[in-house]
Structure formats: structure tokens, C-alpha cells
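J.: Chain order of the listed sequences is E and A.
Reminder that position 39 of the first sequence reads as 39 in this note's numbering, one-by-one numbering, no gaps.
Plus 1000 on top of the position in the second sequence (first one is 1) and you've got this note's numbering.
The beta carbon of each residue, even a glycine, is placed where N, CA and C say it ideally should be.
Pasting a structure below so you can have a look.
Protein chains: 2
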Amino acid sequence: MKLTVLGCYAATPRTITNPTSQVLEIQNRLFLIDCGEGTQVQLRKNKIKFSKINHIFISHLHGDHCYGLIGLVSTFMLLNRENDLHIYGPKGIKEIITLQLRLSNSWTAYSLFFHELTSTESEVIFEDEKVIVKTIPLKHRIYTNGFLFQEKTGERKLDINAVQEYEIETCYFQNIKNGKDIVLDNGKVIPNNLLSHDPIPPKSYAFCSDTVFDESIVPLIENVDVLYHESTFLDSEEHLSERTMHSTAKQAATIALKANVATLILGHYSTRYDTIDLFKTEAQTIFPNVLLADDGKSFNFE
Amino acid sequence: MKLTVLGCYAATPRTITNPTSQVLEIQNRLFLIDCGEGTQVQLRKNKIKFSKINHIFISHLHGDHCYGLIGLVSTFMLLNRENDLHIYGPKGIKEIITLQLRLSNSWTAYSLFFHELTSTESEVIFEDEKVIVKTIPLKHRIYTNGFLFQEKTGERKLDINAVQEYEIETCYFQNIKNGKDIVLDNGKVIPNNLLSHDPIPPKSYAFCSDTVFDESIVPLIENVDVLYHESTFLDSEEHLSERTMHSTAKQAATIALKANVATLILGHYSTRYDTIDLFKTEAQTIFPNVLLADDGKSFNFE
């Protein structure tokens, strides 16, 4: 599992900082999360193949999370994309994109599927054989969802030495990977745990931006490997975080602690601060394992 | 008169090239012409004061000319803009902007005026005491206008030595600047040309992008000081220019020649070519005074 942060600053794009967008690579799938203005250029700068992006998740319709989407959809068209593109986001996102395509008389040759979200309860919005994606309803000034990406538990790993020792035929291997015990020709039962190892524990990533401090998300993100939680402000600006429905670094760390996550990544920084190191220092007073997102930074979680 | 090119490349924004946007400074007014994705960052890079932009002209609704507009409108809001903002562009532009503001629940505190264009004849769309702006109907795949910016002829310049010599009182100075002759107390008439000099000749700038080669614009742009004419392709790709309704460098130069302009600026280059110098070389086989637009380049025309 690898996270590449394309942009992680609040509000407007600036000369050297970009609004929210990130790419999660999980089980060889690339998921684009949010798409602020300039995302397509950030994708190029970070050498991420446009053609590998088939699913885009938009948390909410504030500009710093979605104004780059129409440009990306159009660029896919100019690049002669053929793959389907799935866009998951708040109701209204389809109208925003299709209105602009219609007025520019530029329909995509590839198929564009919109999955508009309206629920205020967590729901499964994507699932295939390896990955499941659920919404994390957040509290912000407009309808907003975070997203929880979970690998499914894989097959058990065959113990090659053990299966050779018991002279088990290859036609039974899949049963062993599926966790089944094996009955030998002599009637003897070999328990599965003597023939296989536990699978690699599935990884999980929770993206929570933008949101006011809200403990009700804790049960949804409990024990995730990596939590990205917005920290627009420091504790000294807590009054602003309440008013604008954002979080402080301390509040993000409190959520991480209560949810017992392994790693917390902070982001969505206000540009009012001289250095983002202040966010880490503040968060670590509550929760130790804190990383700082920054534009163009990648995190490997293997 | 000063032109700052923020972006002048066709199609999609890339790592080092930007889609169309430029700032024309004329008679202390700043006019933003087109607004591709990333324009607000280009404004910052070129240190152009956001608060001085009160009029934005959008040629057409293809993404590389307008996808940065919603972001700029939103950023103006975040910067607590108070001045009115006037947007001139094809019908539909109001719906694109207001739909996105409505869905993000982010109304501007400043007043936003849309001047939607539908005419296929040239028309005056802006006028104040110093400047007049007219449309230049262009032929492209969708409804498109170029824009002609003209300084109005200024007042005549007082000849200080002459008015002192004739002992003319200051209360008559404005009449002299307005071109009036002066009658002295003794009845003698002093012709205006002995008391004043001709005003500085008014400057004019024509922006023509995007368009197929179209001689019908020549009468509208005749004798302008500066013509920006798109040259997406070179002559070797003339078949593409016809199909996509763009122009070649040679065609742009032909328009410049026929319209007897003083200076031609080329831009809107396809990124398929290794160097933009090829455009200049080709255009100069037809018309000598050719300049090349490039992102971040400024041109002073005093």
C-alpha cells in the first residue's frame, strides 16, 4: 500500500502549495482521492500514469477538493482514454461535469460513470475481489464524506515443505489456501494450520478531510493502519476550527488515539503557519506515530 | 500598454506549459483574457495583483480557456474581495459558475456580473472614458469571440511655452486640451495647433484565439498595433488545423499582413513541436514583425 500526496494545503492553490489530492495504490489499483485545481499537473510531476486511474473519490464540493476534476476528465478525453472512469462524490457532481462537457461540446469517448452519494450513514461504494471502499460521513460546512479503503484478507500461504512431506496432490492446493483441512487416502485428517501460513494481514487506509472534530467516526476507523486526518489549524486557532468546521492537529491526534490507529498522517494545513513541523509537534503531545503529508511526498506501508 | 502572457499552449496544462490566459494592462486598467486551469497560480507567479482585476474576458468554453475561472472567482472570495467583478463570455458561463458556487454553498460577498455573449456580429461590450472593448467573432468548433481593446484618443498636450508666451489664463487650458482655438482679449484668434501638440496615438490590441483561418476578421482588426493570433500548428499540419478549426503560423501571418498590423504575436502552440522558434521562422516568410508569446513573458508597447 502506497500513498502519494499530490496536494495537502487548505483553500487556494499557490505558487508552491497545492489543494487536496492524493493517489492511493492498493493491491495494484490506483485510487485518486479528491482533485483540487492543478491535480493533473501534479499527477504528471509525480509520474503517475493517467491510464491507471479508473476510480476517483471526491469528499465534498468545496473548490479545493474538486475544481481540478473537469480538467482531468477533459484531459483523459484528449489522451484518447478508452477505459471506463468511475467518479464517486456528493450529489451534484454529475451536473457540474456534464454541464461543462455539454457547453464545450466535448463529450468523452470513454464511459463516465457517476456514483452520487447522499447517505449520512457509512456505506460500501466500491468492492472487487481485493479491495472494499466505504464512506466515512464527516461533519463539515457542506455534505462531506471521508473514505475507508480496506484490503480484503488474502488466501493462506501454502507451506511448500509440509505439502511435499504429506505428498498432497496439487489439485488440493486451492482448498488449502482457502483454509480447508485435508483428508489423506488413509483417512488421516491433516489440519490446515500444518499445511499453510496465515495470509499477510490486510492493510487499511482512512481519509478524513474536511471535518470538524467528531468522535462519532472513531468506530468506523478503529484499528486502521493509516489515518489521514485533516489538521487545518493548530490548537491556538481552535476557535477558527470550530467556526469553519475544521480540525486542529491536537484534535486529529485525539481521533487517532481513540481509534487506535497505527499511523496518523496530518494534512490540509492552513498556509498561515511558517512551518508545518508545528503540526507534528502538537499532535505528538497526544499520539506518538505522526507523519506529515506534503505535496509530492510518498508513503510506503508494506 | 503591456501584455503579460500567463499561458499560451494548446489543450492540457502540463508540467511546464500552461493553457491560455493573459493580462492586458492598458490605461491603468488590467483586463484578464481567458482563464485556463492554473491561471490563479500564474497570476501569483507573475506578481499580478488580484485586486486590480475587475474585468475578465472569456473567448470560448473549451477547457483550456476557462477551467481556471471558477477557482479564481472562489479565491477572490477567500481574499475578501469587495470590488465588483465583470465576466464577459459565451452564454452558459453564468450557469457554470453559479452552479458550482451553489453546490459548494459558497456565494461571493462581492458582486459578480455576467455579460453573456451570443452575437455573431462584432459588438461593443465594454466602454469607459479611456478604453473600449469590442468582440471579434471567430470561427471555431464552438461559439468563440476574440477581443479588440482600443485606447480612446486622449486630450491634446498643452504647449507650456506657447501658452505662457500668449499669456493665456489657466481657465482656458482644458479648452485647449479639447482642441479649441483661443480668442485673446484683443480679438486675435490663436489656432489650437500653436498652443498644443497632438495627443499620444491611441494603442490597440486584438486577441484572436481560437480560430480557423478566416479573412472576414481583417476589417475588424485593420491597423491594430498588436495582434495576438493563434498558431496551433505549422504549415506541415495544415490538414489538422482545418479539421480542428485552428490556424497555422503561416495563416496567422497572412491575417497580420492583410490587416496591416504593426506587430504579430503568435501563441496557442500545440506541444507536438520541439521548439516554438519554428512558428516564428514560418510566419516571417509572410510577415516580418513577429514575436513569440511564452508563459511568463511580458511585452511593453509604449
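(1) Between which two residues does the alpha helix (DSSP H) containing E/A109 stretch?
(2) Assuming E/G7 and E/T20 are in contact, meaning their beta carbons sit under 8 angstroms apart, how far apart are those beta carbons, in whole angstroms?
(3) Can you give the Cα-Cα distance for E/C66 and E/A252, rounded to whole angstroms?
(4) Would DSSP call A/I1058 helix, strand or coil?
(5) For A/P1090, which residues does DSSP report across the bridge?
(6) Verify whether the separation of the beta carbon atoms of A/L1158 and A/S1196 is less than 9 angstroms.
(7) If we count the other Cβ atoms within 10 Å of its Cβ and call it buried at 16 or more, is E/L184 buried or exposed?
(8) Does the region 166-180 of chain E touch the region 215-227 of chain E, meaning 3 or more C-beta pairs lie closer than 8 angstroms?
(9) Can you say whether A/H1140 is buried or exposed, counting buried as having 16 or more other CB atoms within 10 angstroms of its CB?
(10) I need the DSSP call for E/T144, collapsed to helix, strand or coil.
(11) E/E37 CB to nearest chain A CB: under 9 angstroms?
(12) Taking Cβ-Cβ distances below 8 angstroms as the criterion, which residues of the region 1038-1051 of chain A are in contact with chain E?
(13) Using C-beta distances below 7 angstroms, list every residue in its chain close to E/P199, excluding the 5 sequence neighbours before and after it, in chain order.
(14) Can you tell me whether A/N1018 is buried or exposed? The criterion is at least 16 other CB atoms within 10 Å of its CB, across all chains shown.
(15) Of the choices E/F76, E/I56 and E/V290, whose alpha-carbon is the least far from that of E/A256?
(16) Answer with buried or exposed for E/H239, where buried requires no fewer than 16 other C-beta atoms within 10 angstroms of its C-beta.
(17) Please go through the same chain and pick out, in chain order, the residues whose beta-carbon is closer than 6 angstroms to the beta-carbon of A/I1142, but skip the five residues on each side of it.
(18) If you drop the 5 nearest sequence neighbours on each side, which residues of the same chain put their C-beta closer than 8 angstroms to that of A/F1076?
(19) Quick one: measure Cβ to Cβ for E/D235 and E/K250, integer angstroms, because I've assumed they're closer than 8 angstroms.
(20) Got a sec: which bits of the region 1115-1129 of chain A sit with their beta carbon under 7 angstroms from any beta carbon on chain E, in order along the chain?
(21) Counting contacts by CB-CB distance shorter than 9 angstroms, is A/E1169 in contact with chain E?
(22) Considering A/N1161, what are the terminal residues of the alpha helix (DSSP H) in which it resides?
(23) Give me the chain A residues within the contact set of E/S74, using Cβ-Cβ distance strictly less than 7 angstroms, ordered along the chain.
(24) My guess is that E/K203 and E/N192 are in contact by the Cβ rule of under 8 angstroms, so how many angstroms apart are they, rounded?
(25) If you compare alpha carbons, which of A/N1028, A/H1268 and A/E1242 is closest to A/C1208?
(26) Using DSSP with H/G/I as helix, E/B as strand and the rest coil, what is E/S74?
(27) Near E/V224, what residues of its chain come up, given a Cβ to Cβ distance below 6 angstroms and the 5 sequence neighbours on each side ignored?
(28) Just curious, the alpha helix (DSSP H) that A/Q1042 is in, first and last residue?
(29) Hey, quick one: how far does the alpha helix (DSSP H) through A/G1063 stretch, first residue to last?
(30) Taking A/P1013 as the query, report the chain E residues whose CB atoms sit under 9 angstroms from its CB, ordered along the chain.
(31) Residues of chain A with a CB under 8 angstroms from the CB of E/L78: which are they?
(32) Nearest chain A C-beta to E/H60 closer than 9 angstroms, yes or no?
(33) Exposed or buried, what is E/P201 when buried is set at 16 or more other beta-carbons lying within 10 Å of its beta-carbon?
(34) Find the nearest neighbour of E/R81 within the set E/V124, E/N54, E/T120 and E/T232, judged by alpha-carbon distance.
(35) Against A/Y1067, what residues of chain E qualify as contacts under a CB-to-CB distance less than 7 angstroms, listed in chain order?
(36) Would you please verify whether the beta carbon of E/L220 is less than 9 angstroms from any beta carbon of chain A?
T.: Let's see:
(1) The residue given as residue 109 of chain E occupies position 109 in the first sequence. Counting along the chain, E/A109 falls outside any alpha helix (DSSP H), and DSSP gives it neither H nor E.
(2) Walking along the first sequence from the start, residue 7 of chain E turns up at place 7. Walking along the first sequence from the start, residue 20 of chain E turns up at place 20. Correct: roughly 6 angstroms between the Cβ atoms.
(3) As a first step, residue 66 of chain E must be located in the first sequence, where it is residue number 66. As a first step, residue 252 of chain E must be located in the first sequence, where it is residue number 252. Between E/C66 and E/A252, the C-alpha separation is close to 23 angstroms.
(4) Residue numbering aside, residue 1058 of chain A sits at position 58 when the second sequence is read from its first letter. Three-state DSSP puts A/I1058 in coil, outside helix and strand.
(5) Along the second sequence, one-based indexing puts residue 1090 of chain A at 90. Looking at the DSSP assignment, A/P1090 forms a beta bridge with A/L1117.
(6) Within the second sequence, residue 1158 of chain A is the residue found at index 158, counting from 1. Within the second sequence, residue 1196 of chain A is the residue found at index 196, counting from 1. In this structure, A/S1196 lies closer than 9 angstroms to A/L1158 by Cβ.
(7) The residue you call residue 184 of chain E lines up with position 184 of the first sequence. The residue in question, E/L184, is exposed, as its Cβ has fewer than 16 Cβ neighbours within 10 Å.
(8) no
(9) Within the second sequence, residue 1140 of chain A is the residue found at index 140, counting from 1. A/H1140 comes out buried.
(10) As a first step, residue 144 of chain E must be located in the first sequence, where it is residue number 144. In the structure shown, E/T144 sits in a strand (DSSP, three-state: E or B).
(11) The residue given as residue 37 of chain E occupies position 37 in the first sequence. Interface residue, yes.
(12) G1038, Q1040, V1041, R1044 and K1045
(13) Here residue 199 of chain E refers to the residue found at position 199 of the first sequence. Counting only Cβ-Cβ distances below 7 angstroms, and skipping sequence neighbours, we find T153, G154, E155, R156 and K157.
(14) Taking the second sequence and counting its residues from 1, one reaches residue 1018 of chain A at position 18. Answer is buried; the Cβ neighbour count reaches 16.
(15) Reading the first sequence from its first residue, position 256 is the one you call residue 256 of chain E. Measuring from the Cα of E/A256, the nearest candidate turns out to be E/V290.
(16) Here the question's residue 239 of chain E lines up with position 239 in the first sequence. It is exposed - the Cβ of E/H239 has fewer than 16 other Cβ atoms within 10 Å.
(17) If you number the second sequence from 1, residue 1142 of chain A lands on position 142. Closer than 6 angstroms at the Cβ level, and outside the excluded window around A/I1142, lie H1060.
(18) By 1-based counting over the second sequence, the position of residue 1076 of chain A is 76. If we look at A/F1076 and ignore the five residues flanking it on each side, its Cβ neighbours are F1050, L1085, T1108 and Y1110.
(19) The residue labelled residue 235 of chain E in the question sits at position 235 within the first sequence. The residue labelled residue 250 of chain E in the question sits at position 250 within the first sequence. That pair is a contact at about 5 angstroms.
(20) none
(21) On the second sequence, residue 1169 of chain A is found 169 positions in, with the first residue counted as 1. No, A/E1169 lies away from the interface with chain E (no Cβ there is under 9 angstroms from its Cβ).
(22) On the second sequence, position 161 is the one that residue 1161 of chain A refers to. Segment I1160 to E1165, the alpha helix (DSSP H) holding A/N1161.
(23) Along the first sequence, read from residue 1 onward, the residue named residue 74 of chain E stands at position 74. Those are G1063, listed as they occur along chain A.
(24) Residue 203 of chain E sits at position 203 when you count from the first residue of the first sequence. Residue 192 of chain E sits at position 192 when you count from the first residue of the first sequence. Not a contact, Cβ separation roughly 24 angstroms.
(25) For this step, residue 1208 of chain A is matched to residue 208 along the second sequence. Among A/N1028, A/H1268 and A/E1242, the Cα nearest to that of A/C1208 is on A/H1268.
(26) For the purposes of this step, residue 74 of chain E is taken as residue 74 along the first sequence, with counting starting at 1. The answer is helix: DSSP assigns E/S74 an H, G or I state.
(27) What you label residue 224 of chain E is simply residue 224 of the first sequence in a count that begins at 1. Here the set comprises S204, A206 and V261.
(28) On the second sequence, residue 1042 of chain A is found 42 positions in, with the first residue counted as 1. Taken as a continuous stretch (DSSP letters only), the alpha helix (DSSP H) holding A/Q1042 covers T1039 to K1045.
(29) Within the second sequence, the letter at position 63 stands for residue 1063 of chain A. It spans G1063 to C1066 - the alpha helix (DSSP H) in which A/G1063 sits, taken as one unbroken run.
(30) Position 13 of the second sequence, counting from 1, holds the residue named residue 1013 of chain A. Chain E residues near A/P1013: G38, Q40, V41, R44, G71 and T75.
(31) Indexing the first sequence from 1 puts residue 78 of chain E at position 78. Under the 8 angstroms cutoff, chain A gives A1011 and T1012.
(32) Position 60 of the first sequence, counted from the start, is the residue given in the question as residue 60 of chain E. Taking Cβ atoms only, chain A reaches closer than 9 angstroms to E/H60, which makes this a yes.
(33) One-based indexing of the first sequence puts residue 201 of chain E at position 201. With fewer than 16 Cβ atoms within 10 Å of its Cβ, E/P201 is classed as exposed.
(34) In the first sequence, residue 81 of chain E corresponds to position 81, counting from 1. Among E/V124, E/N54, E/T120 and E/T232, the Cα nearest to that of E/R81 is on E/N54.
(35) The residue labelled residue 1067 of chain A in the question sits at position 67 within the second sequence. Result: I70 and G71.
(36) Here residue 220 of chain E is taken as the residue at index 220 of the first sequence, counted from 1. Judged by the 9 angstroms Cβ criterion, E/L220 is not in contact with chain A.
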